[in-house]
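Written out below as structure tokens is the structure these notes cover.
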Amino acid sequence: MASLSEVKQSVSALVRSQPLVAVFVGGTSGIGQNTVRQLAITHGADGQGLRAYIVGRNASAAAETIALCRQHCPQGQFIFVKAQNLSLIKEVDKTCKEIVRLETENAHREHTMPPRIDMLYLSIGRLGWGPREDTEDGIDSAMSLFYYSRARVIIDLLPLLRASSLPAHVVSIYHAGLEGNFIPDDISLRSPENYTFLNRRSHNIHLTNLFAEALVQQNPGKLSFVHVYPGLVMTTLFENSSLPGWVKVLMTLLWPLLRFMSQSDEENGQRMLYLSTTNFPSSGGQESNTTAIGSNGQRGSGVYAVDPKSRTVPVLKMDQKYAGLRAEGMVQKVYDHTMKAFEEAVAGRKFRD
15 MASLSEVKQS VSALVRSQPL VAVFVGGTSG IGQNTVRQLA ITHGADGQGL RAYIVGRNAS
75 AAAETIALCR QHCPQGQFIF VKAQNLSLIK EVDKTCKEIV RLETENAHRE HTMPPRIDML
135 YLSIGRLGWG PREDTEDGID SAMSLFYYSR ARVIIDLLPL LRASSLPAHV VSIYHAGLEG
195 NFIPDDISLR SPENYTFLNR RSHNIHLTNL FAEALVQQNP GKLSFVHVYP GLVMTTLFEN
255 SSLPGWVKVL MTLLWPLLRF MSQSDEENGQ RMLYLSTTNF PSSGGQESNT TAIGSNGQRG
315 SGVYAVDPKS RTVPVLKMDQ KYAGLRAEGM VQKVYDHTMK AFEEAVAGRK FRD
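Heads up: the sequence shown begins at 15 in the numbering used here, then just goes up one per residue.
Listed below in structure tokens is the structure:
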């Protein structure tokens, strides 16, 4: 386990290495806000230059986040990108198109480094408790936010990610290491008997890891992908969910105890930033004794599953869940499934697989 002091040293080295461009999809609250704020704090002390795009729905929350960041890093650029409904693929495309436009303009204005994205953090989501609710794309709304829309963001921003010289780091904040069942012949969980809260969560986890492996294979040396379970962090996710009222009441009663047990906002943000350091390189990158073990058991593989204390999920546990799926060609199948969902959505047709 990396201590908090070790984490901070690595993050400090990252911001000293070169000017950084970061995108936070879900950066106006919770873990995303913690991360962008800690980046501003660390950069304000040691950084070489920072441009951060903060994507969210709430303009007032974004203004508050940006004000906090500018207190610590007045020389940085913090840019709000408003998103309407990121559970819809076309809305994701629209939002990412705006990010590309802004980054292209900003980079050309500075005449220093080309347009790029060095760090992409994905933390959008909604806790759905009830029955399946499909979006107009034909995708379950909760699965869309936790998986499909995040995957679409990566695809849309891939040219800018590939332009990073670090190389680029993609961090998806969800439930790494908490896999349960995976049903290969019902990836979308269309069958009512398969659609449960736990199955949906487990499929989101599996899909995230398998899609990441496909992307890294297609972009060797260009991408590092980390799927992280942040542990107990006090956010507004429970408040903004469809959880039953009794669960919300229970959470309110337990809030003081949970806050005592939870990771601080500072540590949470620093540990998220740590995942974009050289300890988690792309495939074929330089290795050292601090290089993380990848999800396939190989050091420095480019795809990592990480727990709340910045440790990679044990290889044996990952092999139990993924070795058989890889042997069955599920990495490519998941990629094809996902790209077909995007194709149908862009064409205005409901995805039915």
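Beta carbons are placed, not taken as given, at the ideal position from N, Cα and C, and that holds for glycine.
Best match in the options for proximity to residue i [C-alpha to C-alpha]
{"i": "residue 384", "options": "20, 354, 298, 143", "result": "The displayed coordinates of the chain run from 15 to 367. Any statement about residue 384 would go beyond what the structure contains."}
{"i": "residue 348", "options": "162, 138, 29, 142", "result": "162"}
{"i": "residue 158", "options": "356, 362, 306", "result": "356"}
{"i": "residue 143", "options": "209, 94, 167", "result": "209"}
{"i": "residue 230", "options": "194, 243, 215, 183", "result": "183"}
{"i": "residue 298", "options": "235, 131, 43", "result": "235"}
{"i": "residue 214", "options": "137, 130, 196", "result": "196"}
{"i": "residue 313", "options": "301, 335, 96, 31", "result": "301"}
{"i": "residue 14", "options": "65, 170, 78", "result": "With the chain covering 15 to 367 only, the question about residue 14 has no answer from this structure."}
{"i": "residue 95", "options": "178, 71, 88, 352", "result": "71"}
{"i": "residue 141", "options": "68, 115, 218, 23", "result": "218"}
{"i": "residue 109", "options": "39, 122, 60", "result": "39"}
{"i": "residue 78", "options": "342, 62, 15, 41", "result": "41"}
{"i": "residue 339", "options": "283, 295, 199", "result": "199"}
{"i": "residue 311", "options": "334, 27, 80, 180", "result": "334"}
{"i": "residue 62", "options": "80, 31, 36", "result": "31"}
{"i": "residue 346", "options": "83, 226, 164", "result": "226"}
{"i": "residue 53", "options": "359, 134, 130", "result": "134"}
{"i": "residue 362", "options": "113, 291, 152, 174", "result": "152"}
{"i": "residue 367", "options": "169, 84, 204", "result": "204"}
{"i": "residue 228", "options": "294, 169, 34", "result": "169"}
Residue i burial status per 10 Å Cβ neighbour count (16 or more: buried)
{"i": "residue 238", "result": "buried"}
{"i": "residue 304", "result": "exposed"}
{"i": "residue 191", "result": "buried"}
{"i": "residue 211", "result": "exposed"}
{"i": "residue 206", "result": "exposed"}
{"i": "residue 317", "result": "buried"}
{"i": "residue 286", "result": "buried"}
{"i": "residue 278", "result": "exposed"}
{"i": "residue 90", "result": "buried"}
{"i": "residue 145", "result": "exposed"}
{"i": "residue 24", "result": "buried"}
{"i": "residue 154", "result": "buried"}
{"i": "residue 111", "result": "exposed"}
{"i": "residue 166", "result": "buried"}
{"i": "residue 117", "result": "buried"}
{"i": "residue 341", "result": "exposed"}
Cut-off 8 Å between Cβ atoms - residues of its own chain near residue i, not counting five sequence neighbours on either side
{"i": "residue 274", "result": "Confidence at residue 274 is low in this model, with a pLDDT of 45, below 50, so the placement of that residue should be treated as unreliable; the coordinate-derived value is given next. For residue 274, where only same-chain residues beyond five positions count, there are no Cβ hits under 8 Å."}
{"i": "residue 150", "result": "102, 364"}
{"i": "residue 19", "result": "none"}
{"i": "residue 244", "result": "45, 187, 277, 282, 285, 286, 322"}
Terminal residues of the beta strand (DSSP E) in which residue i lies
{"i": "residue 134", "result": "133 to 136"}
{"i": "residue 317", "result": "317 to 320"}
Cut-off 6 Å between Cβ atoms - residues of its own chain near residue i, not counting five sequence neighbours on either side
{"i": "residue 55", "result": "86"}
{"i": "residue 98", "result": "105"}
{"i": "residue 100", "result": "106, 138, 163"}
Sequence-distant residues of its chain with Cβ nearer than 7 Å to residue i (five each side left out)
{"i": "residue 222", "result": "161, 186, 188, 241"}
{"i": "residue 319", "result": "190, 191, 223, 241, 309, 326, 327, 332"}
{"i": "residue 49", "result": "38, 135, 283, 286, 287"}
{"i": "residue 16", "result": "288, 324"}
{"i": "residue 82", "result": "51"}
{"i": "residue 178", "result": "130, 131, 132"}
Range covered by the alpha helix (DSSP H) that runs through residue i
{"i": "residue 327", "result": "Unbroken run through residue 327: none, as it is neither H nor E."}
{"i": "residue 356", "result": "344 to 360"}
{"i": "residue 238", "result": "Premise fails: residue 238 lies in the beta strand (DSSP E), 237 to 242, not in any alpha helix (DSSP H)."}
{"i": "residue 283", "result": "279 to 288"}
{"i": "residue 216", "result": "211 to 232"}
Write down every uninterrupted run of the alpha helix (DSSP H) in the segment 26 to 110 whose length is 4 residues or greater and which is fully enclosed by it, in chain order.
Taken in chain order, the whole alpha helix (DSSP H) runs of length 4 or more contained in the segment 26 to 110 are 44 to 60, 73 to 86.
Which parts of the segment 126 to 189 are runs of the alpha helix (DSSP H), unbroken and 4 residues or longer, counting only runs that do not cross its ends?
Taking only runs of at least 4 residues, the alpha helix (DSSP H) segments lying wholly in the segment 126 to 189 are 163 to 176.
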